[in-house]
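**Q** Before we start, here is the structure in question, set down as structure tokens.
Residue numbers (the numbering used here): 5 to 207.
Take a look at the structure:
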């Protein structure tokens, strides 16, 4: 039962953080789109940065990496996708030109250093066809997301933490009930066994 509690907490925590940190961005098929990810230059300036696409919840397929020490502002390209890193201002820019319908998906900016990897930004890219805008806002050519969490993000984290705490209390309550019922069954079994022994002796 303890394993179940841990599993519920871990899965819920993962889902909550994933939902909070993903920026949803809309682009138009056939046009160009640039996505800026701002990060802390002090912490990530010399880290290797890359752009990947999630092909599952746990696996992110590498697409392109930014230059590190030699002219990092120059773009690196892989097919229709290019990336440039402004290490002075802490801005990582990915450009996709032209956008294709198959570009629709979940992407991630990553920073690696000596085998240690962490996420800078996560982006859910939705590619729309011309004249079929179903987005809550008009698609733009340039979008910006941040690796730092603002006040709204902090509030959402507190909300998620409260929700997870409530779920833990529910699971703990169910565990206590199950444990009490099990002990009661054991005691009833022992009582019946003692009664049978006494009956045998009396007979």
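Using N, Cα and C, we set each Cβ at its ideal position, and we do this for glycine too.
Check this for me: beta carbons of residue 130 and residue 123, under 8 Å apart or not?
**A** Taking 8 Å as the Cβ cut-off, residue 130 and residue 123 do not qualify as a contacting pair.
**Q** When the Cβ atoms of the segment 88 to 99 are set against those of the segment 60 to 73, are three or more pairs found closer than 8 Å?
**A** Output reads yes: the segment 60 to 73 touches the segment 88 to 99.
**Q** Determine which residues share a DSSP beta bridge with residue 149 and list them.
**A** DSSP output for residue 149 lists 41 as bridge partner(s).
**Q** Suppose you measure from the CA of residue 80 to the CA of residue 179; what does that come to, to the nearest Å?
**A** Computed Cα separation, rounded: 54 Å.
**Q** Identify whether residue 32 lies in helix, strand or coil by the three-state DSSP scheme.
**A** Strand at residue 32.
**Q** Quick check on DSSP: helix, strand or coil for residue 192?
**A** Residue state, collapsed to three classes: helix.
**Q** Using CA coordinates, which residue listed in 89, 56 and 85 is at the minimum distance from residue 45?
**A** Looking at the Cα atoms, 89 is the closest of the given residues.
**Q** In whole angstroms, what is the alpha-carbon distance linking residue 84 and residue 36?
**A** Rounded to the nearest angstrom, the two C-alpha atoms are 10 Å apart.
**Q** Rounded to a whole number of angstroms, what is the C-alpha to C-alpha distance between residue 27 and residue 111?
**A** Going by the C-alpha atoms only, they are around 10 Å apart.
**Q** Residue ranges of each beta strand (DSSP E) run of no fewer than 3 residues wholly in the segment 47 to 87, ordered along the chain?
**A** As far as the segment 47 to 87 is concerned, its whole beta strand (DSSP E) runs of at least 3 residues are 52 to 58, 64 to 69 and 80 to 82.
**Q** What does the alpha-carbon distance come out to for the pair residue 182 and residue 126?
**A** The alpha-carbon atoms of residue 182 and residue 126 are separated by roughly 41 Å.
**Q** Rank 61, 87 and 48 by C-alpha distance to the C-alpha of residue 55 and give the top, closest one.
**A** Among 61, 87 and 48, the Cα nearest to that of residue 55 is on 87.
**Q** For residue 104, which three-state DSSP category applies?
**A** The answer is coil: DSSP assigns residue 104 none of H, G, I, E or B.
**Q** Considering only DSSP beta bridges, list what residue 131 is partnered with.
**A** 31.
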